Amino acid sequence: MNLIQMLTFETVMTSASLSDAAKKLGRTQPAVSASIKALEDHLGLQLFERRGRKLIPVPEAQYLLTEAKAILSQVNQVRQTMRSLSGGQSGTLKVAAMPGPVSLIFPKFIASKISGSDDISISIQARTSNQIAELARAQSIDFGFADAPEQEVAENLYQTVVISADCPVALPQDHPLARKTEISFADLDDQPLGTLPIAHRQSVELANRFAAQGLTFRPTIESQTFLPILHFVAAGRCCTVIDPLSIFLASDDASMVPGIVIRPMVEPIRYNYAIYSPSYRPTSVIARKLLEAWQEEVIMLLEEASYKPRFEEQITP
């Protein structure tokens, strides 16, 4: 018994006549009759009494009709679900981002992209960059956003798309340097600075750039992320060379950290982000669409802020 036979049977049972059923199915009456006969032969059971041109259902046909309707309804539901999945209108999504983006711009982006799609289940995790790399390596997320890996790994368990951009400086709004339109390393000589952990790639590069110019690098506030540092900047305790996406935490629209001004650097220093995706986890339509859209979103945000984003060589560990 196949679905065509089942659909034919259900249509005959719910139609006024055989010709009416044939019209609904877009088939000829002989073809409909042949399909019903094949179904009866398969079941070893007569479903209809034939009285002239009429088919009169026997009691057993009523039971089969109930079962056929349930099966056809389930098949139709599966068809609709698969169409939703293929169109990215339903499914599950498991993503992760480092604490800065996951505080504002990342969930705001995800929410805007799935607006009106009630059949999408989402898990958003806040993790460190190393943890996100491990999640991608374990094939446990659809994609993640974090700092770019500092070195290649021998395994081929995830891919990254690396995007770099210029770092600006965040200053207290009443700081003397806030009157300048651009900030140089010389301006920051011996200034109290907020930095990421001293072993972080950006902190190491900052120390090297200060040393190369014979300047004093004076980190006084250290944090795993820039958001806590921005509160110290707003309080006048330090300045910070910030990753470019973190400026959205200090913007007027965000209103998360008021009392800060942002200035570009005279001598560019780049910050490297990465979008991590596992190599062997099956990618759903919704995950693929959102990954590509997030990549475009990051580039757009950085371009609008004039931080000169560009794609770096993709790293495949």
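Numbering-wise (this note's numbering), the sequence shown opens with residue 50 and increments by one.
Note that the Cβ used here is the ideal one computed from N, Cα and C, for glycine as well.
Treat the numbers as computed from the prediction; the structure is a model and nothing was measured.
- Beta bridge pairing from DSSP links residue 238 with no other residue.
- Secondary structure at residue 266: coil, using DSSP grouped into helix, strand and coil.
- Within the stretch 84 to 125, the runs of beta strand (DSSP E) that reach at least 3 residues and sit entirely inside it are, in chain order, 97 to 100, 103 to 106.
- A straight-line Cα-Cα distance of about 30 angstroms links residue 295 and residue 330.
- DSSP places residue 308 in no alpha helix (DSSP H); its state is neither H nor E.
- Membership of residue 148 in the alpha helix (DSSP H) is indicated by the continuous run 148 to 151.
- Distance between residue 279 and residue 332, taken at the CA atoms: about 37 angstroms.
- Residue state for residue 170 is assigned as strand, using DSSP reduced to three classes.
- Classified as buried, residue 145 has 16 or more neighbouring CB atoms from the shown chains inside 10 Å of its CB.
- Below 8 angstroms, too few C-beta pairs join the stretch 156 to 165 and the stretch 80 to 93 to call them touching: fewer than three.
- Distances from the CA of residue 236 to each of 267, 215, 362, 174 were compared; the closest alpha carbon is that of 267.
- Here residue 119 is exposed: its Cβ has fewer than 16 other Cβ atoms, across all protein chains shown, within 10 Å.
- Take residue 346, set aside five residues on each side of it, and the residues of its chain with a beta-carbon closer than 6 angstroms to its own are 158, in chain order.
- Under the 10 Å beta carbon count, residue 274 is surrounded by 16 or more other beta carbons and is classified as buried.
- For residue 178, the CB contacts under 6 angstroms within the same chain, skipping 5 residues up- and downstream, are 147, 195, 196 in chain order.
- A direct Cα-to-Cα measurement between residue 50 and residue 59 gives close to 13 angstroms.
- When the five nearest sequence neighbours on each side are left out, the beta carbons in the same chain lying within less than 7 angstroms of the beta carbon of residue 240 are those of 267, 288, in order along the chain.
- Only residues of its own chain outside the window of five on either side were considered, and among them 140, 141, 142 have a CB closer than 8 angstroms to the CB of residue 170, listed in chain order.
- Using a C-beta cut-off of 8 angstroms, the stretch 173 to 191 makes contact with the stretch 316 to 331, since at least three inter-stretch Cβ pairs fall below that distance.
- Comparing C-alpha distances from residue 270 to each of 314, 341, 115, 281 shows the shortest one belongs to 281.
- With 16 or more other CB atoms across the displayed protein chains lying within 10 angstroms of its CB, residue 71 is buried.
- Straight across, the Cα-Cα distance linking residue 360 with residue 212 is about 5 angstroms.
- Between the alpha carbons of residue 75 and residue 62 lies a gap of roughly 16 angstroms.
- Residues 192 of the same chain have their beta carbon placed closer than 6 angstroms to that of residue 340, with the five preceding and five following residues left out of the count.
- Partner residues in the beta bridge of residue 142, as assigned by DSSP, are 171.
- By the beta-carbon neighbour count (other beta carbons within 10 angstroms, threshold 16), residue 198 is buried.
- Taking residue 68 as the centre and dropping the five residues before and after it, the same chain places the C-beta of 78 closer than 8 angstroms to its C-beta, in chain order.
- With respect to residue 247, residue 314 sits apart: the two C-beta atoms are not nearer than 7 angstroms.
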